[in-house]
Structure formats: structure tokens, C-alpha cells
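Enquirer: First residue of the sequence shown: 165, per this note's numbering; consecutive thereafter.
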Amino acid sequence: MRLRPRTIRTQLVTLLLVPLLSLAGLWTYSTYSSVRDGLALLQVADTYHYYGDPTDSLDLALQAERRAAVVYTASHGKQGGAELATLQTRTDERLAVLRSHAEREAQGAQLSGDQKERLTLTLKGAADGLATLRDEVRDPAASWYHVLETYSSVIEPGFQLRESLAALQTGPLAREAIVVVGAVRARELLSQEDAMFAAALVNGEMSSLEFRVFTNLISGRQLLQQAYGGELPASAAERLEAFVNGKLGGALKSAELLTSSSGAQGAPSAIPAELWRQSVDDALDELDAVNVLASDDIGADARSTGIAVLMRTGTVSLAGLVLVVLSIGVSLRLGRRLVRRLRLLRDEALELSGNRLPEVMRRLRAGEELDEAAVLRAAPALKLGADEIGQVGRAFTASQRAAVQAAVEQEKMRRGVSSVFTNLARRSQVLLHRQLTLLDAMQRRTQDPTELEDLFRLDHMTTRMRRHAEGLLILSGNSPGRAWRRPVRLAEVVRAAVGEVEEYPRVAVRRMPRISVTGAAVGDVVHLLAELIENAAAFSPPETKVVVRGEVVGGGYVVEIEDRGLGMSPERLADANNEVGEAAAGVELPETDRLGLFTVGRLAARQGVRVTLRRGDYGGVAAVVLIPSAILVEPENDEPETGEVTLRPRSVPDAEPSVSVPSAPAPSAARGSGPATPGGMGVAVVSRPAQETREERNGMGLPKRVRQANLAPQLMDDTVHDSAAETPGTGADRERSPDQARSTMAAFARGLARGRSAEAPRPTGEDGG
């Protein structure tokens with residue numbers, strides 16, 4: 165699984181982390197190497213003094229013991245026995261000192277792995293080799309030359325230990341350390357010369373092999389002094405030069421020249437033993453002093469050089485640390501600045517999409533006019549510099565202003581479309597009101613039952629057209645125009661909604677409680693229920709019923725509209741509920757030709773009604789309408805409701821249309837903007853005799869029209885007239901509302917005006933009808 169940075173800040177940190185870590189790693193390595201070299205230089209002197217000085221003392225003791233052992237072996241134990249024992253004791257003491265140093269490391273004198281190995285070999289050679297060698301020395305048949313070589317092999321590991329103790333990687337100190345070891349080897353060669361000459365004095369002669377080795381030792385010592393003498397530290401080199409050119413060096417050189425030129429037989433007698441002894445002892449002491457001085461000088465130089473290296477390293481490391489910290493600080497500051505600028509750009513984008521554009525749209529929908537200054541304030545310029553981010557900021561500013569300007573233009577266009585919808589709807593409403601008035605007048609004049617039925621059908625279609633015109637007003641954000649001053653029974657509201665549906669005979673309305681809807685909400689509730697009932701009737705088989713029922717709940721009243729159709733899938737139901745919710749939230753018009761649910765959502769939002777679509781109990785779709793208590797009131801009278809319905813004219817309170825309707829003769833109260841039934845007539849609940857109720861109850865309480873209900877009683881058929889006359893609740897015993905009384909008085913006034921006009925003298929040429 166690949167891990168990818170999720171934020172710009174993380175990406176910038178990751179981008180800067182690689183070079184910064186590389187820089188920090190290089191600084192750490194260089195600092196560590198320099199400090200390690202400086203500390204190594206400081207430890208050279210301490211380490212050499214702690215381990216090198218005991219090694220030098222041990223080698224000097226071994227050289228003295230070697231000379232005594234060679235003399236003792238060459239004399240077959242007759243000479244130097246006491247001296248040999250004393251020198252062996254001294255050697256053991258110095259060996260014990262070196263062993264104690266090896267077992268206990270001192271602070272500042274730590275050994276490396278190679279140095280520890282060399283020290284172990286030195287100790288092992290001295291301890292193991294000496295025990296065997298000393299036994300061999302006491303053997304009368306032992307060869308003094310073999311004893312000489314064996315002692316030399318025991319001393320050799322000490323030189324290797326010195327070289328490792330003074331080992332440095334590079335530089336003049338490394339060369340000086342090698343030179344000092346060479347000078348110490350030169351003294352060792354002189355000590356071997358002395359031992360061979362002492363053995364030759366005991367034997368009185370040298371063999372040719374021994375003499376050749378003797379002369380080689382002389383040549384080797386002189387060569388080492390010439391090779392390394394000039395490269396020793398200054399003070400040691402001056403002292404060595406003074407030795408070589410002085411009395412001690414001249415005496416040694418003369419003794420070596422005399423012995424080497426006398427041959428194997430004459431070498432022991434070429435120079436007096438006392439003169440040889442004096443010259444060699446003085447030379448050994450002086451060379452040892454030169455070596456000690458050179459070691460001290462090297463140690464001092466190493467210490468001073470180490471301090472200088474540490475000082476230089478500290479200065480450079482501190483400067484490097486400052487640069488690393490400065491680089492990190494600059495990088496973090498630049499990264500923080502970039503992140504801050506990018507975050508500002510992001511916040512501006514979120515502010516535009518989340519606050520500014522919605523606020524602009526809200527102000528535009530509220531009717532405010534936005535000038536260029538307001539657009540600039542809604543999309544302020546971003547000042548993010550002149551680099552690429554600044555260019556992005558300027559481009560974003562341009563896009564912001566374009567978006568705000570587009571919102572302004574879109575709102576203007578929406579207002580234009582809304583104005584077109586409103587104009588068309590208002591014009592249609594005017595014509596439809598005039599058409600309904602005309603149909604009402606035609607229904608009053610007609611005597612033919614067939615023509616009256618056609619007029620009823622035309623009246624019903626006109627009522628549906630009025631609802632569609634109101635739908636245009638609702639979609640454009642305006643009021644539909646129908647309004648009531650007084651509350652209307654919920655049962656009448658529901659039946660009025662049924663009356664606006666084409667297939668109203670298929671709708672069965674169950675018993676409704678005694679509760680009324682406030683006058684301001686009647687028109688919207690009627691329209692909302694009519695849309696849902698029409699959908700239920702349109703999307704269900706023609707032989708099935710659409711049942712409307714209701715009940716009181718805690719938050720108000722629930723009206724449930726259920727069909728017997730095929731229903732909808734859960735996904736389609738969810739989409740339909742979303743359409744209703746989006747319409748209630750004020751979303752723009754959907755891209756669909758089915759605007760019924762969108763109209764329902766707009767109406768529900770206006771009155772606080774909640775509409776939910778669910779799967780019906782019989783496979784169809786059930787629309788659950790929750791009418792809140794805020795728009796419900798108790799009825800004004802206690803008139804009982806039997807659940808039986810019929811269609812009666814002017815039984816629903818008149819509406820007050822909010823549109824200008826041209827004056828027409830005798831407009832019907834039910835032709836107003838109030839809830840209309842098929843044919844434009846209101847719905848009234850009437851009581852009928854039991855036998856008559858049973859005859860009309862053939863459609864689960866469906867509303868039924870009464871033919872010739874608008875005709876004068878004398879023009880009705882005898883059967884219809886008698887039935888209407890016998891119908892209770894239509895006479896003076898029924899309480900009339902103020903609107904009904906107003907309509908009655910208006911009709912009386914119009915009749916009185918016609919009668920007066922009929923009695924007035926007619927102008928010449930005018931039709932007297």
C-alpha cells in the first residue's frame with residue numbers, strides 16, 4: 165500500500181525533508197569524522213605514554229638481559245650469572261607493569277582492536293618466550309647466537325606495538341611516528357651489536373657468519389640513523405645530529421670501524437673491551453634519550469594538533485549547524501507561507517461556494533439589485549504575490565467575479581422566466597374565470613339535460629385548467645391567487661380537491677373529523693391534495709379505486725392517499741421523496757416534464773405540510789400528507805357529518821381571488837378561487853333518508869352530481885324537483901355563512917336591477933328582450 169501525502173503542507177515538508185536530511189547527515193558525518201580525528205590525536209600521547217612507556221622499559225630490560233644471557237651462554241655459565249639473575253628480575257617487574265596496564269585501561273588511553281591484538285602478542289611473547297628461553301640459557305650446550313636471535317624475536321612484538329600506538333591515518337604526525345619507531349629500531353641494532361661483541365670477547369673470535377651478521381648490524385644502524393634522523397621532531401633531530409657529530413658519536417663510529425675492519429678473527433681484539441663498553445653504553449643512553457625526546461615531541465604535537473583540529477572542527481561544525489538550522493527555518497517559513505497562501509485560496513473558494521454565492525442568490529431572490537460595486541464586494545481581489553500562486557489567485561478572482569456575475573445573470577433570467585410564467589398564468593386565470601362565469605350562466609339557461617351534461621364536463625375541464633394555471637404561478641414563486649377569509653371544513657377541502665381530478669368517480673373519501681383548515685391555507689391544501697390524488701388516479705388501473713382517508717395525530721392531521729397501482733421501486737420512491745424535499749428547500753426547477761411532485765413540494769413548504777411517499781399496503785403507492793396544527797382550527801358549528809356526499813351549488817364559502825377578473829353578470833360563488841367540485845360547484849354534506857342513502861351509496865361514498873341543480877325549480881323535471889325539494893339542509897333551516905349571504909344578496913340585487921331595467925322605457929331601435 166502506497167502512502168501518499170494528503171495535504172499541501174505534508175507534501176511540502178516531504179519535499180524539503182530529503183535535502184534537509186541529506187544536509188544534516190553530511191554535517192553529522194563530517195563533524196563526527198573531524199571530532200574523531202581530533203580526539204584520536206589527543207589520545208595518541210596519552211595512549212603511547214600509558215602503553216608505550218612500559219613497553220620501552222620492558223624492551224630496555226630485555227636488551228640488557230639479552231646481553232647478559234649471551235655472555236652467560238658463551239662462557240658456558242662461567243661469567244655473568246649473578247648479573248643475569250638481577251636483570252631477569254628487573255625484566256619480570258617491568259613485564260608485570262605492562263600486564264597491569266593491559267588489564268586496566270586508563271581514561272583517554274583506549275586501544276583499538278589492532279592495538280589490543282599487538283599488546284596481547286607482546287605480552288604473550290614476553291611471558292611464554294622468556295620462560296623457555298631462560299631454560300635454554302642454562303643449558304651448557306646452548307648456542308649463544310641462537311639465544312641472541314631468540315631474545316630478539318621476543319623484543320620484536322614491542323616494535324609492532326609501538327607502530328600501532330602511534331598509527332595515524334595521514335599527515336606529518338603519522339610520518340613522525342614512523343620515524344620515531346625507526347630510530348628505536350636503530351638503537352635495537354646497536355644493542356644487538358653490543359651483545360655479539362660481548363660474546364665474541366668471551367670466545368675470543370667470531371665465525372664468518374657471526375661476523376657478517378655483526379657488520380650488517382652496523383650498516384643497518386647507520387642506515388636507519390641517516391634515513392630517519394633528519395625527519396625526527398626538531399629537538400630530537402638536533403640532539404641526534406649533535407650525537408652523531410659529537411664525541412660520543414665519533415667514539416662509537418671509531419669502535420665500529422675498528423671491529424668491522426679487523427675481520428672475524430681479529431674483531432674481539434681490535435679495540436679494548438673497556439673502550440667498546442664505554443662507547444656503546446654512552447651511545448645507547450644517548451640514543452634512548454633521543455628516542456624519548458622524539459616520543460614526547462610527537463605526543464605534544466599530537467595534543468596541540470588535536471586541540472587545533474577540535475577547535476577548527478567545532479567552529480566549522482557550529483557554522484554548519486547554524487546553516488542547517490537556518491536552512492530548516494527558511495524552509496519551514498517558506499513552506500508555512502506557501503501553505504498560508506494556498507489555505508487562503510482554499511478558504512476563499514469555500515467562502516465563495518458556501519456563503520457569498522448563496523448570499524448573492526438570496527439577495528437576488530429577495531428582489532435586490534446588485535450593481536458592479538456589489539459584485540466586486542462579493543468577489544474581492546486576492547493579493548497573493550506575483551508568482552504562480554499569485555497568478556492562480558488572480559485567475560480565481562476572475563472566476564469568482566464571473567461566477568457572481570453569472571449568478572446575477574441567471575437570477576435575472578430566472579426572474580424573466582418567472583415573469584413569463586406569471587404573465588401567462590395570470591392571463592389564463594382571467595380567461596378561465598370568465599369562462600367559468602360564462603359556463604355558470606349557460607348552465608343556468610340550458611334546459612336540455614344532454615347539453616347540461618356537456619357543460620358539466622366542460623366546466624370540469626376548465627377547473628382543471630385553472631389548477632394548471634395556478635401550478636405555473638407556484639413554479640414561478642408566486643401565490644396561486646385563491647384565498648379564503650374564513651376556515652373551511654377539512655372534509656370539504658378534501659372533496660373539493662377530488663372535484664379537481666378528472667377521474668373523480670374513482671376516488672373514495674372516507675369519513676373525516678370535525679376540523680377545519682384556516683382560510684389562508686385552503687387554496688394551497690386543495691391544490692396539493694388535488695395533485696397527489698390526480699397522480700394516484702393516473703398511475704393506477706381504471707377499474708381500481710383511490711382511497712383517501714385521514715386521522716388526527718399528535719402533530720396535526722394526516723391525510724393518506726393510496727392507489728392500487730403497480731407501485732414504484734424503492735429507488736424511485738427515494739427519488740420522488742427527494743424531488744419533494746428539493747422543491748421544499750427552494751431548489752431550481754427540475755429538468756423533467758413531471759412537475760406535479762415539484763409543485764406539491766413548493767405548496768408543502770409554503771404551509772409547513774410534510775409529504776412522504778411510501779409503498780402502499782396493496783402494492784401501490786401511498787402519499788402521506790401531514791397537515792400541521794398551525795393551519796388547523798376547530799369548526800364553527802357542530803353540524804354532524806354522515807360520510808355521505810353530494811354536489812350542491814354555493815355550499816362552500818366564497819373565495820377572494822387575488823387576480824383582476826372582468827365583471828360578468830352573476831358570477832357564481834363557487835366559480836371563484838375557492839375549492840371547486842366538478843362543474844365548478846361546491847360540496848355540501850347533507851342528510852338523506854336511509855333508503856335514499858342506500859340507493860346512492862354505489863361507490864364507497866363517491867360524490868354524485870345532481871342534474872339540473874342550477875335550474876329554477878319550475879324548470880326541473882318533476883322527479884328531480886321533488887328530490888331537491890325534499891332534501892333537507894338546503895332551505896332556511898340551514899345556517900348560511902356571511903359569504904353565502906353576500907352571494908344571495910348579490911343575486912337578489914342583480915335580479916332587482918334587471919326587473920327595473922325591464923320596466924324602464926326602451927330606446928328606439930333597441931331590442932326589448
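Note that beta-carbon positions come from the ideal geometry of N, C-alpha and C, so glycine has one too. Note that this is a predicted model, so its numbers are computed, not measured.
Pull up the distance between the alpha-carbon of L224 and that of Q207, whole angstroms please.
Expert: The alpha-carbon atoms of L224 and Q207 are separated by roughly 24 Å.
Enquirer: Let's see if you can read the secondary structure: which residues bound the alpha helix (DSSP H) around L485?
Expert: A437 to E515
Enquirer: Buried or exposed: where does S459 fall if 16 or more other Cβ atoms within 10 Å of its Cβ makes it buried?
Expert: buried
Enquirer: So L388 is in the beta strand (DSSP E); what residue range does that whole segment cover?
Expert: No beta strand (DSSP E) contains L388, which is instead part of the alpha helix (DSSP H) from S372 to Y392.
Enquirer: Among the residues of its own chain, which have a CB less than 6 Å from the CB of S198, if the five just before and after it don't count?
Expert: Once the five neighbours on either side are set aside, the close Cβ partners of S198 are T477.
Enquirer: Ordered along the chain, which non-local residues of its own chain (more than five positions away) have a Cβ less than 7 Å from that of M864?
Expert: The predicted position of M864 is uncertain, since its pLDDT is 35 and thus under 50; no value can be drawn from it.
Enquirer: For T776, which beta-bridge partners are listed by DSSP?
Expert: V788, per the DSSP bridge assignment.
Enquirer: Between the Cα of V594 and the Cα atoms of A701, A633, Q574 and V301, which residue gives the shortest distance?
Expert: A633
Enquirer: Taking a contact to mean a Cβ-Cβ separation below 8 Å, would you say Q429 touches V408 in this structure?
Expert: no
Enquirer: Closer than 8 Å is the cut-off here; do at least three beta carbon pairs connect the stretch 698-716 with the stretch 666-683?
Expert: yes
Enquirer: Can you say whether D882 is buried or exposed, counting buried as having 16 or more other CB atoms within 10 angstroms of its CB?
Expert: Low per-residue confidence applies at D882: pLDDT is 39, beneath 50, and the placement is therefore not dependable enough to give any value.
Enquirer: Would you give the residue range spanned by the alpha helix (DSSP H) that V665 belongs to?
Expert: Note, V665: premise wrong, no alpha helix (DSSP H); not H, not E.
Enquirer: So, with DSSP's three-state summary, where would you put T174?
Expert: Three-state DSSP puts T174 in a helix.
Enquirer: Under three-state DSSP, which class holds I725?
Expert: strand
Enquirer: Rounded C-beta distance between L329 and Y215? I'm assuming under 8 Å.
Expert: 6 Å
Enquirer: Can you give me the C-alpha to C-alpha distance between A431 and Q356, rounded to a whole angstrom?
Expert: 15 Å
Enquirer: Which residue or residues does DSSP assign as beta-bridge partners of R105?
Expert: For the chain, the structure presents residues 165 to 933; residue 105 sits outside this window and is missing.
Enquirer: Have a look at T192 and H310 and give me their C-alpha separation to the nearest angstrom.
Expert: 56 Å
Enquirer: Look at the alpha carbon of D818 and the alpha carbon of I725, and state the distance between them as a whole number of angstroms.
Expert: For D818, the pLDDT reaches just 40, beneath the cut-off of 50, and the residue's location in the model is therefore unreliable, leaving the point undetermined.
Enquirer: Quick check: what's the CA-CA separation for S317 versus R230?
Expert: Rounded to whole angstroms, S317 to R230 spans 11 Å at the Cα level.
Enquirer: Please name the residue in P218, E656, L262 and G346 whose C-alpha comes closest to that of A401.
Expert: G346
Enquirer: Quick one: Cα of L251 to Cα of S425, how far?
Expert: Distance between the alpha carbons of L251 and S425 is about 32 Å.
Enquirer: Let's see if you can read the secondary structure: which residues bound the beta strand (DSSP E) around E369?
Expert: Per DSSP, E369 belongs to no beta strand (DSSP E) and is neither H nor E.
Enquirer: Can you tell me the Cα-Cα spacing of M629 and D623, whole angstroms?
Expert: 10 Å
Enquirer: Taking just the CA atoms, how far does G289 sit from P304?
Expert: 24 Å
Enquirer: List the whole-angstrom C-beta distance separating V744 from G729, where the pair is believed to meet the contact cut-off of C-beta under 8 Å.
Expert: With a Cβ gap of about 18 Å, V744 and G729 do not count as contacting.
Enquirer: Here's the rule: buried if 16 or more other CB atoms are within 10 angstroms of the residue's CB, otherwise exposed. What is L287?
Expert: buried
Enquirer: Of all the options F361, Y392 and N367, which has the alpha carbon lying nearest to the alpha carbon of V377?
Expert: Checked all of F361, Y392 and N367; the closest Cα to V377 is F361.
Enquirer: Is it buried or exposed, G413, if we count other Cβ atoms within 10 angstroms and call 16 or more buried?
Expert: It counts as buried.
Enquirer: Which same chain residues, not among the five before or five after V658, have their C-beta less than 8 Å away from its C-beta?
Expert: V673, M676, L693, V712, G714 and V723
Enquirer: Return helix, strand or coil for L654, following the three-state DSSP convention.
Expert: helix
Enquirer: To the nearest angstrom, report how far apart T627 and A768 are at their CA atoms.
Expert: 21 Å
Enquirer: Going along the chain, which residues of its own chain have a beta-carbon closer than 6 Å to the beta-carbon of D688, five neighbours each way excluded?
Expert: L767, R770 and Q771
Enquirer: Within 10 angstroms of its Cβ, does P321 collect 16 or more other Cβ (buried), or is it exposed?
Expert: buried
Enquirer: So what does E715 bridge to, in DSSP terms?
Expert: Within the DSSP secondary-structure output, E715 pairs in a beta bridge with V722.
Enquirer: Please go through the same chain and pick out, in chain order, the residues whose beta-carbon is closer than 8 Å to the beta-carbon of A464, but skip the five residues on each side of it.
Expert: Residues A209 of the same chain have their beta carbon placed closer than 8 Å to that of A464, with the five preceding and five following residues left out of the count.
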